[in-house]
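Protein chains in written order, with this note's numbering: chain D, 46 to 158; chain X, 251 to 363. Heads up: the structure comes next, in structure tokens.
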Amino acid sequence: AQSVTQPDIHITVSEGASLELRCNYSYGATPYLFWYVQSPGQGLQLLLKYFSGDTLVQGIKGFEAEFKRSQSSFNLRKPSVHWSDAAEYFCAVGANTGNQFYFGTGTSLTVIP
Amino acid sequence: EAGVVQSPRYKIIEKKQPVAFWCNPISGHNTLYWYLQNLGQGPELLIRYENEEAVDDSQLPKDRFSAERLKGVDSTLKIQPAELGDSAVYLCASSSTSGGEQFFGPGTRLTVL
């Protein structure tokens, strides 16, 4: 069955520190992979996506993610976190047909000044 | 360019009452999605439209939920009658192609008393 696992429910980091949010997926076909961010009371905003090609993808706000097929992972990274990055982060997997689009349960990020 | 518009942003009703949510997707986006997001969870797909056709409604509880997308633009999601467990955020998203990047609205937060 298709699924997305985000092992870390909540992460706290200091401002300026590096960040890595984990995402593992289970998908029968070649996946399309996404990271979204959701601030309180807001809709989801796309940070980056992977469809094919270079496995290291760059996104907005200084985020990047690496697709590792052997590990079924698509971890999100940022070298230096800003206080404004505090939010909920969701990993998602889908197919190019548009159906079977699955979100993980999210990781809540707190940034300490 | 205007984003996905949803109304109302907040709705409080008593159980057994009907409720309706409205979504206006980004202009030109043929694919429209309705998601349910419970507190602390990722969004779960309820229904997906390609133009005016509902192509995936397998997760829509059809005994009390209904949706329509007349003319393939705006969409309405209805619950009748609402139950306590329906309290959640209802998100609408649209994409220009099925499987492509989804743009989310701010959601409607429903509270059923």
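The beta-carbon is built from N, C-alpha and C at its ideal position, and this holds for glycine as well.
Open item on the list: Mapping the DSSP letters down to three states, classify X:R298 as helix, strand or coil.
Closed with: strand
Open item on the list: Using CA atoms only, rank isn't needed, just tell me which of X:Q267, X:V305 and X:F354 is closest to X:P331.
Closed with: X:Q267
Task: 8 angstroms Cβ cutoff met for D:L78 and D:V138 - done: yes
Task: Backbone secondary structure at X:L363 - three-state DSSP - done: coil
Task: Buried versus exposed, by CB contacts within 10 Å (16 or more), X:P275 - done: buried
Open item on the list: Just verifying my parser: in three-state terms, what is the DSSP assignment at X:L334?
Closed with: helix
Open item on the list: Tell me which residues share the same chain as X:Y260 and place their Cβ nearer than 6 angstroms to its Cβ, disregarding the 5 neighbours each side in the sequence.
Closed with: R359
Open item on the list: Here's a check: name, in chain order, each residue in its chain whose Cβ is nearer than 6 angstroms to the Cβ of X:T361, leaving out the five neighbours to either side.
Closed with: I262 and S337
TODO: State the Cα-Cα distance for the pair D:K123 and D:L64, rounded to the nearest angstrom.
DONE: 5 angstroms
Task: Burial state of D:P76, where buried means 16 or more other Cβ atoms lie within 10 Å - done: buried
Task: DSSP three-state assignment for D:D130, whether helix, strand or coil - done: helix
Open item on the list: Using a Cβ-Cβ distance cut-off of 8 angstroms, determine whether D:Q47 contacts chain X.
Closed with: no
Task: Of the residues X:S346, X:E302 and X:L363, the one placed nearest X:G278, counting alpha carbons only - done: X:S346
Open item on the list: Nearest by alpha-carbon distance to D:G98: which of D:F108, D:F148 and D:R114 is it?
Closed with: D:R114
Task: Amino acids of chain X, ordered along the chain, whose beta-carbon sits closer than 7 angstroms to that of D:Q103 - done: By Cβ distance, chain X contributes nothing, its closest Cβ being about 15 angstroms from D:Q103, past 7 angstroms.
Open item on the list: Using the three-state DSSP reduction, which class does D:R67 fall into: helix, strand or coil?
Closed with: coil
Task: Under the three-state DSSP convention, the category D:K94 falls into - done: strand
- [ ] My understanding is that X:Q256 touches X:G357, with C-beta atoms under 8 angstroms, so please give their C-beta distance in whole angstroms.
- [x] 6 angstroms
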